[in-house]
Amino acid sequence: MNVESKSLLKRVLPWLVPLPRGIFDKPQTGKQILVYYLCRIFAFYILLLILLMVLQRWLIYQPTRVSTLSVDQAGAPFGVVHDISTRTDDGLDLKGWHFLAGQVGCTDRAACDIELAKGRPVVILLHGNGGNRLHRTETCRLLASLNMHVFAFDYRGYAENPGSPSQTGLLNDARAFWKYAVRDRKIDPQRIILMGESLGGGVATLLASELCQKKTPPAGLILRSTFSSMVDAASHHYPWVPVSWLLWDQYPSLKVIPEIQCPLLVIHGTADHIVPYALGEKLFEAALPTSSTGIPKRMVTIQQGTHNGLIYEARGILTTTYDQFAKQVIPLTVIE
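Once you know that position 235 of the sequence shown is 238 in my numbering, the rest is easy, because the numbers rise by one and skip nothing.
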């Protein structure tokens with residue numbers, strides 16, 4: 004940079020950013036040196052905050068993009084997993100997989116509809132911020148082995164789906180998943196369990212709150228390794244950042260969970276370093292003590308359980324917990 008450009012910068016920058024007079028002057032006294040370096044530290048801090056604000060959605064959402072996902076990649080026997088799709092209100096076509104209850108094989112949509120009509124529970128799985136539905140096959144297979152159907156859609160911007168993720172976008176997607184189950188596949192809402200993992204727990208909580216307000220609640224809500232709010236989770240990782248001022252997608256689960264009247268199951272590991280156990284506990288405590296049907300809320304603590312490894316670290320506990328919850332919230336007389 005030549006002398007002329009430096010001189011121009013000195014004249015223009017104070018008009019763009021309010022800085023103390025003489026900041027560009029060489030410090031002479033101890034006080035000037037202190038101000039000199041404090042101003043630079045402050046300027047660096049502001050620039051870092053701006054960078055975090057601009058990149059925040061890149062930090063929050065970590066989708067694995069692919070050109071296509073085949074059901075063959077799910078690692079299930081032939082006919083157990085089927086492609087499904089739905090359209091959001093803002094015109095995006097989103098794809099997912101249907102894992103059949105009991106891992107029964109079906110040849111086509113009509114045969115799958117016959118299985119759905121038998122009355123078994125249907126889980127709408129809302130996954131976390133990373134990867135795509137391929138990375139949730141272990142959870143889907145576990146639920147299917149417990150005689151539950153699973154609709155595992157990907158959000159916008161994940162896998163082969165178009166669009167870019169955001170709180171508004173993911174909530175629109177979740178609404179589309181619900182409409183697909185109720186409207187397109189004719190499933191009674193009282194047979195549908197919403198299950199949210201990590202970030203998906205924030206989406207599931209918002210959707211369940213809306214549905215309860217509309218008097219069409221799901222049969223139950225399962226929240227695994229999720230947070231009280233994105234503000235709380237981000238503040239844990241960035242305690243030096245005024246997160247509540249900068250965060251666009253705040254997922255205010257703590258605010259809306261008192262509106263949820265369906266049965267609630269919360270699962271969290273004590274060694275979760277991504278979403279601390281205390282945040283799951285905080286969310287659980289804010290929920291109503293019992294559902295409108297009189298079922299007490301329940302929290303299952305996995306000792307030394309991590310964030311992403313629960314399916315492997317506590318498979319037996321999860322199997323028993325999911326099975327008990329489904330049988331508690333959906334009458335067995337409904338199931339053929």
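The beta carbon of each residue, even a glycine, is placed where N, CA and C say it ideally should be.
Per DSSP, cross-strand counterpart(s) of residue i
i: Val269; result: Leu226, Met302
i: Ile127; result: Phe154, Leu197
i: Gln65; result: Gly133
i: Ile87; result: Gly99
i: Ala162; result: Arg68
i: Thr293; result: Pro299
CB contact flag (residue i, residue j, <8 Å)
i: Thr219; j: Asp275; result: no
i: Ser167; j: Gln106; result: no
i: Met198; j: Leu128; result: yes
i: Phe230; j: Gly203; result: no
i: Thr322; j: Leu145; result: yes
i: Asn175; j: Asp93; result: yes
i: Val278; j: Ser201; result: yes
i: Gln170; j: Tyr64; result: no
i: Ile49; j: Ala222; result: no
i: Val344; j: Leu209; result: A query on residue 344 cannot be resolved here, the shown segment of the chain reaching from 4 to 339 and no further.
i: Gln331; j: Pro266; result: yes
i: Arg194; j: Val126; result: no
i: Asn150; j: Ala114; result: no
i: Leu313; j: Ser228; result: yes
i: Leu52; j: Leu249; result: yes
i: Leu268; j: Ile190; result: no
Proximity winner among the options, relative to residue i (alpha-carbon distances)
i: Glu3; options: Thr91, Leu50, His239, Thr293; result: This structure cannot speak to residue 3, because the chain is shown only from 4 to 339.
i: Gln307; options: Phe287, Ile270, Leu145, Thr322; result: Ile270
i: Asp96; options: Tyr183, Glu213, Leu137; result: Tyr183
i: Thr304; options: Gly283, Asn175, Ala114, Ser295; result: Gly283
i: Thr273; options: Leu250, Gln264, Met302; result: Met302
i: Ala211; options: Leu62, Gly172, Ile196; result: Ile196
i: Arg159; options: Thr296, Val69, Asp326, Lys285; result: Val69
i: Leu55; options: Pro245, Phe81, Gly172; result: Pro245
i: Arg178; options: Pro334, Arg90, Gly319; result: Arg90
i: Cys143; options: Thr171, Ile49, Gly99; result: Gly99
i: Phe156; options: Ser88, Asp111, Arg112, Gly122; result: Ser88
i: Pro66; options: Asn132, Ile298, Trp243, Ile44; result: Asn132
i: Asn164; options: Asn150, Gly134, Leu52, Gln327; result: Gly134
i: Arg60; options: Ile298, Gly172, Lys121; result: Gly172
i: Tyr315; options: Glu141, Lys121, Ser247, Ala113; result: Glu141
i: Cys215; options: Tyr40, Leu313, Ile53, Gln264; result: Gln264
i: His239; options: Ala207, Ala281, Leu268; result: Ala281
i: His130; options: Arg43, Asn311, Ala237; result: Asn311
i: Val2; options: Tyr40, Ala162, Leu37, Ala236; result: For residue 2 there is no data in the structure shown, the boundaries of the chain being 4 and 339.
i: Ala329; options: Arg186, Pro80, Ile298; result: Ile298
i: Ile237; options: Gln76, Leu62, Ala317, Ala207; result: The amino acid at residue 237 is misidentified as Ile; the sequence shows Ala. Considering only alpha carbons, the answer is Leu62.
i: Ala207; options: Arg186, Trp181, Val185; result: Trp181
i: Lys217; options: Pro192, Lys121, Tyr241; result: Pro192
is_contact[residue i, chain B] using C-beta, thresh 8 Å
i: Ala207; result: The question asks about chain B, but that chain is absent: this structure has only one protein chain.
8 Å contact criterion, which residue i and residue j should meet: CB distance rounded
i: Lys1; j: Ala289; result: Since the displayed the chain opens at 4 and closes at 339, residue 1 lies outside it and no answer follows.
i: Glu101; j: Phe154; result: Reading off the sequence shown, one finds His at residue 101, where the question assumed Glu. Between Phe154 and His101 the Cβ distance is about 6 Å, and since that is below 8 Å, they are a contact.
i: Arg136; j: Leu72; result: 7 Å
i: Arg224; j: Ser256; result: In the sequence under discussion, the amino acid at residue 224 is Leu, which differs from the Arg named in the question. With 8 Å as the limit, Leu224 and Ser256 do not qualify as a contact, their Cβ atoms being about 11 Å apart.
i: Arg123; j: His152; result: 6 Å
i: Asp116; j: Arg188; result: 7 Å
Along the chain, which unbroken stretches of the alpha helix (DSSP H) at least 4 residues long are found entirely within the segment 171-221? Complete alpha helix (DSSP H) runs here, min 4: 202-216.
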